[in-house]
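Enquirer:
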Amino acid sequence: MARRIEELEDETGAIIKYRRHANGKGLVSPSARVADSARVEPSAYVEADARVGLDAYIGAGSWIDSGATVGDRTFVGANVHIGKGCVIGSGVRIGSNVKVGENAMIGNGSRVDRDEQVPAGAVIELRGATAARMSLAAPLHEQRATRRAA
């Protein structure tokens, strides 16, 4: 049987405790809230005060930083970093190797293609059916330019 509590040492030498999430065995800080139906892969981390919603998926090697929120039915691919204080809406799909800067917001139903970088404080939101179609077809840098012009 695997250990339910893990202790790791950070770069400052402090010992940080994590518990293994029942669904997927990912590492979750005791002060984080992760829905029972969410899947957190074994090599993924959810830091202190973070929130992960119903039926969300956190991929292998991903890191949900402290104070971040991941909405219901959101998919976070492998090796993704969701920065401190980020708010990721429901039904969002984030591809592998994405870096989301601190305090960024990604609205419900948005898509972020793999290997993209979302700057700190950025806001990505969808408005109406046209925006939804655009998010599925256009690269992220084109989406930002279009949204600013609207």
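To convert, count from 1 in the sequence shown and add 44; that's our numbering.
Quick reminder that beta carbons are idealized off the backbone N, C-alpha and C, glycines included.
Everything numeric in this text was worked out from a predicted model, so none of it was measured.
(1) Helix, strand or coil: how does DSSP classify Arg95 here?
(2) Can you tell me the Cα-Cα spacing of Ala164 and Val142, whole angstroms?
(3) Among the residues of its own chain, which have a CB less than 8 Å from the CB of Asp93, if the five just before and after it don't count?
(4) On a CA-only basis, which of Ile168, Ala58, Gly57 and Glu50 is nearest Val90? Give me that one, please.
(5) Does the Cβ of Ile59 have 16 or more other Cβ atoms within 10 Å, making it buried, or fewer, making it exposed?
(6) Sort out for me which residues DSSP pairs Leu170 with in a bridge.
(7) Report yes if the CB atom of Leu170 is closer than 8 Å to the CB atom of Gly151, and no otherwise.
Expert: Taking the definition as stated:
(1) The answer is strand: DSSP assigns Arg95 an E or B state.
(2) 13 Å
(3) Ser73, Ser75, Ala76, Ser110 and Gly111
(4) Selected option, being the one with the closest Cα: Glu50.
(5) exposed
(6) Secondary-structure assignment with DSSP links Leu170 through no beta bridge to anything.
(7) yes
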